[in-house]
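Asks:
Protein chains in written order, with the numbering used here: chain A, 1 to 339; chain B, 1001 to 1339; chain C, 2001 to 2339; chain D, 3001 to 3339.
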C-alpha cells in the first residue's frame, strides 16, 4: 500500500519532510503548499508529481492527501491541523504540537473523534541513539532505573518569545517520557535570569516519574561550552548518552552497584559490592532519523504498529512545560501532573 | 623565624603533613604522636629530630610545639584541638573541622579567646587551579558572576556513616565560598537513596549567595563515570574547571554574552550580542598544594598574611552541610543561613 | 566590478560551486552545463538567470563566462580546462588539477600563455583553521618551525583506482606547502597493502622542506578511529590542529623549548629550559571556506590579490604525489623534487 | 615454597622492589644493600627482618638470597649482575639490562651456564592493559595483525647522555616484542635534532616483524602535548591502547575490514565490506604491575611458568636499539637483526 502525502510550509524544515516523503517507498508526495509563491515554485521544481498550492483550503479541496505534514510557525499549528483532520487527513505536526496543552488536547480529541492519526515530529526519538537507549531500558538490561541526569547547555541564542525551558526542555521531555516509559508525576523548576527581558536563561528541572525515578535537567544559554549529555544510572548497568560524540554516542557501563539481600549474615548489615566491568559502545543505526520516522508512520497508517510520537506524547510534553512554568513562578515547589 | 611543629595521627594523611612540615624552611618538626607504637616508630625513623609520643597530653607537657597538626579521626578533632589550643598551640585540623557546627564554633571562639590561630586543612584551596579561579573572579576578569554549576560524581564508595552530601559537598562548599567571595544566604537540597541504608546517594544542592549568584551542585555515588567539573559563567568571560584534565584544568572562554543598554534605539528592545572569542588555558602553579598551604600558615604565624582556610571558613562549611540536611528533610525547601 | 561565471558538472560538488557563485556579490552565475539533462533542469530551476547547456563547446560558443568552474570527474579535467582556457576563460578546477603532473604542467603553461588565471579548488586552504595556522607560522609567532607531524587516518573507503596516498595525502600536501611556505625538496614513502588489489592502504610519508624542516604523514584506511591531527612544533610556540574538534580546532601552546646560547658560562654546556606556559585556542573565522575562496578569486581577477591555490600549487601537489609513488616502489628511498 | 630476596640500590626504584618483595607471600626480604649508609638505615628501619650491607660482595658472602634485585645506575648492571649470578643467585635487573647488547648477551649466557634465572624489570609488560592486549592478539580475537602504530611524544626532558630513541623506544620495543609475538626482522630509523647537542629529539622508527607485520613509532621530545597511544589494526578487530586514559585504556573495535574471496562472482573483482560494529573497553586488572611481576617471578623460580621478561627479552630490546642507531646514521636504511 502507498499513501499520498502533502507538505504545508516550505521554510527551514518542510523541505526535509518533502524530501523524505518523496523518496519513501510507501508515500507519494502529491501536494505542496506555501503562501510564498517563489518558494513554492522553487521546491515544486524538484517534485514534478506534486501539485502546488498557496492555500491549505484549496489543497484540501482539490488534492486531499492521506497524510498532511505541517511545518509552519507554531502559532498556526492548531488551526491548520484542525482543518486537515476535519477534512479527513492524518496529520504530522512539527514540534511543538501547539501553543498550549489546551490546544494540543483539542487536536488529540478531534483526531480520536475523526479516527485519524495525529503525529508529532519529535525527530530525536527516531535516532539510532535514542532507540538504543529505549531498548536497553525496556529490555531490563540496565536493571531498575535509579535516576537520570541530563545536561543540555550552550551559549544559547536568546529567543525573543520563549525562555530556556521552552527552548531546550522539549527535547529532554520527549526523550525521557519515551525511554523511562513511566508516567511523569510532578515537576519542579528553579530558574534565574541574567538578561534584560527577565526570561529564565538558566534553569534546573526536577522530574518525578512513577516508581520513584527522578530525572534532573540542567538547561542553560550561558554555558561557554556546548554539552548534550544524559546519564541513566541503573541497578545493573548504567548508560551515558553523549549526543556530541561523533562515533560513540551511547556507552553502557557494566559497573553497577549491587546490593545483596540474600546472605542471612548481612540482614542488618548493608552489603555493597562494586563491579567494575566492561564498557560497551554498541553500533547504532545510522539511518536518517526522519526516514525511520516515515517508516513508522507508514506502518501506523497500515495498522501494523503504534506511534512513539503521537498526539498524546506531544500533549504530555506541553503539560510538563506548563507545569515547569508554574513551578518556576512558585519558587521551585513541586507541581503535580494530573493522571 | 622558624616555628616548631608537631603532628598527631600518623594514619593516611598525617605522614603527608609531617613530610611537608619537615621539609619547609620555616618549620621544624619536633614532635610526632600516635597511639599505635609500631606506626609511631616507623615514621619516627624518618625524622630523627622529632620526639615521639603516644599521648597528646604528654606531648603538650614536654614538647609543646608552636603549631600542632591534627590528623586523627573526625570524632576526636574537637577534643584534641581544644587541648592543644588551651595549651597555647596554634592548630591545624584536618577537614572536616569537627562533627557539628556547634563544636566548630566552640573551637573558633576558643582560638579567638586564646589568641591562637586555628587552621582547617582544606587542601584544595591551595591548588594552582583554585588559586587561578579565585584570581580570575576577584580581579573582575570574568565580569559579574552569573551562576556556577558543579558536577562531582563517580561510582562512589558507600560510606557507612555519611551520605553523599557530607562525603562530597565539603569540597565544593570550601571552593565556592572561597572563589565566589560572598556570603552564602540559603541552601536547598533534593536527594534520593537507592541503597538499603536509606542514606542519600544522589543529591542536588542549590546555593544562593549574596548578590543573586546561584550555584548548583550535582553530587552522586551512582555515576558510571567520574566527573569533577565546575562552570563559572561570568558576564564578560566564563571559566571551566575540570579537575580530571591532566594538563589544562582551567579554561577561560572569551565568549561572553553582552547586553548593550546604551543605544537609545534599543531602550525597550533587548540587544544581545554574542562574542565568540578565544579560549585560554593559563599555566597553573604546579607546587604541591600542601606545600603552598604551609607557606601560608607560616606567613599567618608571622603576621604577614591572613588565612584562606581558618576556623571561620571551616565552620561555614559545616553550617552549610547542616542546612543541606535540614532542606533534604524538608523536601527541598530553602534553608537560610543566619548572617 | 562583477564577473560572469559558469559551472560544468552538477554532480556532488558542482552545485556547491554554483550556489556560492550565485550568491557572491562579485559574480553572476550565467551558465550551467551537464550532460545529464534531468540533473541540468533540476539545478537550473534554482538559477533562472543562468542558461543551461549539455555541452561545454556550446556553452563557450554562446555564453562564454569570465570564470568557468569545472567539477567533472578527474579524467576530463585536462581536456575541459584546456578548452575553456583556449576560449579565453579564467578557470577553477576541482582538485586534483589533473591526472598527472605533466597534464597539470600543460595547463599551467597554457594559462600563462593566454594570460588567464588557473585556480585549483583546494577548499581546505580557505578554512578559518588553516588560515590561522598560516598566520601563526608566517608571522613568526611560533618561531622557527622545527617539525610537523600529521595523522590522517580512518576506516577508509577503499577506492578502486587510487591508493591511500593519492586519496589522503593531497590534503596534507596542499596544507603543508601553504603553511610551511618553503620548497619541498624530497619525499620518502613507506607503504603496505592488506587488501587483495595490492594497493597501499597504510603509508608513511616523510617530506623534507627547504631549511631542514621535516614533515611526517601517517595515512591509513585501516584505523578503527578517525583522526585528523597535525602538530607543528616551533622553537617558541607549538600548535596543534585537530580538524575533528568541534569548537577548538587550533590550539597554540606556549610551552616551547628554549636554548640559551648567550650565557658564556654555558658555551659548551647545553642549557635547555622548559617553559610551560599558557595554551590558547584562538577564535577562528566561521565563514564558509568556499565563500572565502570566491572572495579571493574575485580579488585575483580584479588584480588586487594573488591566489593561494593557483595552477602552480595544484601542480606541486601532483609532483609530490608522483615522487611518493616512486619512493614507495623504491622501498622508501628519498626522491628529489626538481627545483 | 618461599624464596629469600635482596635488593641492591635504594634510590628511586629500589624501595618499590623492596616493598613488593617484602609483602609478597612467596618472598622474604632478607637483605638490603646501598653504598649510602644513611639511605640504607632509613629504609632498613621499615624491614627489621632484612640485614643491611654497604657492599654487594659482603651481602653475597654472608646472606646470599635466592633472588637478587638490582636497581643501581645502568653502568653497574653488568658487573653486579655478573657477581650475583656467579654467586648462584637468580637476578632481576632494572631496565635497561646493560649498556650494550654485548654486555646483555654475556649475562644471558652466564645465567644459562649457571642455570640461574635472569629477569629484566620491564614493568610495563605486567600492567593490566598490556596483558589484555597480549591476550587479544594471542587468542586470535583481532584476526591477523595488519599493522601497529605507536605514538609516544611529549615535551621531553632532554637527557644529557641518551637521545629520544634510547629514552622512549625501550617501552615500545618491549611491549611490541611481547604482544606481536614474532621475531623482529629489521629496523629503520629517521631522526632529527633541534638542540645544540645534536642528539635526535624527534625520531620515527619502522619495525618489520616476521610475517609482514609492520610497526611504526613516533618518538618526540618536542610535542606540546603528551600522547601515549598505540593502534593495533587486525583483520577482524582493531584495538587502541591509550595509556593516558584514566578509565578505559584499551578499546576494541569490531569495525574490521573483511575481504570475501569465496564468492565466485567476485573472483577478479575486489569485495570490500565494512563492518561498523560495537566498541568494547574491557575491564582491566588493577593489580599493581610490580606485584604481578613478583607473582610471575615466584612461579618461574618454582618451575611452574616461564618469564615474559627474561634476559633474552632484555637483550632483544637492546639489539633493536643498536639497529636503530645504525639506521639513523645510515639515513633510514633498513638494518637487519640476525636471527
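In this text, a Cβ means the ideal position worked out from N, Cα and C, and glycines have one as well.
Counting only C-beta atoms, is residue 1244(B) closer than 8 Å to chain D at any point?
Replies: It does; some Cβ of chain D falls within 8 Å.
Asks: Can residue 3232(D) and residue 3217(D) be called in contact, C-beta distance under 8 Å?
Replies: No.
Asks: Helix, strand or coil for residue 2314(C)? Go by DSSP, reduced to three states.
Replies: Note: residue 2314(C) maps to helix in three-state DSSP.
Asks: With 16 other CB atoms within 10 Å as the buried threshold, where does residue 3352(D) fall?
Replies: Given a span of 3001 to 3339 for chain D in the structure shown, any question on residue 3352(D) remains unanswerable.
Asks: Which residues of the stretch 2189-2213 of chain C have a Cβ closer than 7 Å to any Cβ of chain E? Give them in chain order.
Replies: Protein chains A, B, C and D are contained in the structure displayed, whereas chain E is not.
Asks: Measure from the C-beta of residue 2117(C) to each C-beta in chain D and report whether the shortest distance is under 8 Å.
Replies: No, residue 2117(C) does not count as interfacial toward chain D.
Asks: Indicate whether the contact test is met: 3 or more Cβ pairs, each with one atom in the stretch 189-205 of chain A and one in the stretch 319-328 of chain A, closer than 8 Å.
Replies: Touching, yes.
Asks: Could you check whether the Cβ of residue 1238(B) sits closer than 8 Å to any Cβ belonging to chain A?
Replies: It does; some Cβ of chain A falls within 8 Å.
Asks: Buried or exposed for residue 2055(C), going by 16 or more other Cβ atoms inside 10 Å?
Replies: The residue is exposed, with fewer than 16 neighbouring Cβ atoms inside 10 Å.
Asks: Starting from residue 44(A), follow its DSSP beta bridges and name the residues at the other end.
Replies: According to DSSP, residue 44(A) bridges with nothing at all.
Asks: Which residues in the same chain have their Cβ closer than 6 Å to the Cβ of residue 2322(C), if we skip the five residues on either side of it in sequence?
Replies: Excluding sequence neighbours, residue 2322(C) sits near 2101.
Asks: Rounding to the nearest angstrom, what Cα-Cα distance links residue 3286(D) and residue 136(A) in this structure?
Replies: Rounded to the nearest angstrom, the two C-alpha atoms are 28 Å apart.
Asks: Go ahead and label residue 1057(B) buried or exposed: buried means 16 or more other beta carbons lie within 10 angstroms of its beta carbon, across all protein chains shown.
Replies: Flag for residue 1057(B) reads exposed.
Asks: According to DSSP, simplified to helix, strand and coil, what is residue 988(B)?
Replies: Outside the displayed range of chain B (1001 to 1339) lies residue 988(B), so it cannot be described from this structure.
Asks: Just curious, the beta strand (DSSP E) that residue 102(A) is in, first and last residue?
Replies: Here residue 102(A) belongs to no beta strand (DSSP E); instead the alpha helix (DSSP H) covers 101-114.
Asks: Check whether chain D comes within 8 Å of residue 311(A), counting only Cβ atoms and requiring the distance to be less than that.
Replies: No, residue 311(A) lies away from the interface with chain D (no Cβ there is under 8 Å from its Cβ).
Asks: Using a Cβ-Cβ cutoff of less than 6 Å, which residues in the same chain neighbour residue 1251(B) once the five nearest sequence positions on both sides are dropped?
Replies: Result list for residue 1251(B): 1240, 1279 and 1281, in chain order.
Asks: Please state whether DSSP places residue 1178(B) in a helix, a strand or coil.
Replies: Residue 1178(B) falls in the helix class under three-state DSSP.
Asks: Please classify residue 3327(D): does DSSP put it in a helix, a strand, or coil?
Replies: Helix.
Asks: Thinking C-alpha only, which one of 3283(D), 3299(D) and 3164(D) is nearest residue 3156(D)?
Replies: Ranking the options by Cα distance to residue 3156(D), first place goes to 3164(D).
Asks: Taking contact to mean at least 3 C-beta pairs separated by less than 8 Å, is the stretch 3207-3225 of chain D in contact with the stretch 3167-3184 of chain D?
Replies: Short answer: they touch.
Asks: In the DSSP assignment, what residue or residues form a beta bridge with residue 1208(B)?
Replies: In DSSP, residue 1208(B) forms a bridge with 1186(B) and 1214(B).
Asks: Measuring straight from C-alpha to C-alpha, what distance separates residue 1142(B) and residue 1110(B)?
Replies: Computed Cα separation, rounded: 39 Å.
Asks: Here's the rule: buried if 16 or more other CB atoms are within 10 angstroms of the residue's CB, otherwise exposed. What is residue 113(A)?
Replies: When all chains shown are included, residue 113(A) counts as exposed.
Asks: Should residue 323(A) be flagged as near chain B, meaning a C-beta pair shorter than 8 Å?
Replies: No - not a single Cβ of chain B is within 8 Å of the one on residue 323(A).
Asks: Answer yes or no: do residue 71(A) and residue 9(A) have a C-beta to C-beta separation smaller than 8 Å?
Replies: The answer is yes: Cβ separation under 8 Å.
Asks: Quick one: give me the first and last residue of the beta strand (DSSP E) that residue 121(A) is part of.
Replies: Per DSSP, residue 121(A) belongs to the beta strand (DSSP E) from 118-121.
Asks: Using a Cβ distance threshold of 8 Å, determine whether the stretch 1024-1037 of chain B contacts the stretch 1286-1306 of chain B, with at least three qualifying pairs required.
Replies: The answer is yes - the stretch 1286-1306 of chain B touches the stretch 1024-1037 of chain B, with three or more Cβ pairs under 8 Å.
Asks: Could you name the residues of the same chain whose beta carbon sits closer than 6 Å to that of residue 1151(B), not counting the 5 residues immediately before and after it, in chain order?
Replies: Excluding residues within five positions, the ones whose Cβ falls inside 6 Å are 1218, 1227 and 1229.
Asks: In chain B, what lies closer than 7 Å to residue 2106(C) by C-beta?
Replies: Under the 7 Å cutoff, chain B gives no residues; its nearest Cβ is about 45 Å from residue 2106(C).
Asks: Between residue 2129(C) and residue 309(A), what straight-line distance do the alpha-carbon atoms span, to the nearest angstrom?
Replies: Cα-Cα distance, rounded: 41 Å.
Asks: Within a Cβ cutoff of 7 Å, which residues of the same chain sit near residue 131(A), ignoring the five residues on either side of it in sequence?
Replies: Cβ within range, chain order: 285.
Asks: Is it buried or exposed, residue 116(A), if we count other Cβ atoms within 10 angstroms and call 16 or more buried?
Replies: The residue is buried, with at least 16 neighbouring Cβ atoms inside 10 Å.
Asks: Since residue 1168(B) and residue 1315(B) should fall inside the 8 Å C-beta cutoff, what is the C-beta to C-beta distance between them, to a whole number of angstroms?
Replies: Actually they are not in contact, since the Cβ atoms of residue 1168(B) and residue 1315(B) sit about 19 Å apart, beyond 8 Å.
Asks: Does the Cβ of residue 1050(B) have 16 or more other Cβ atoms within 10 Å, making it buried, or fewer, making it exposed?
Replies: With 16 or more other Cβ atoms within 10 Å, it is buried.
Asks: What did DSSP end up calling residue 2251(C) once you bin it into helix, strand or coil?
Replies: Residue 2251(C) falls in the strand class under three-state DSSP.
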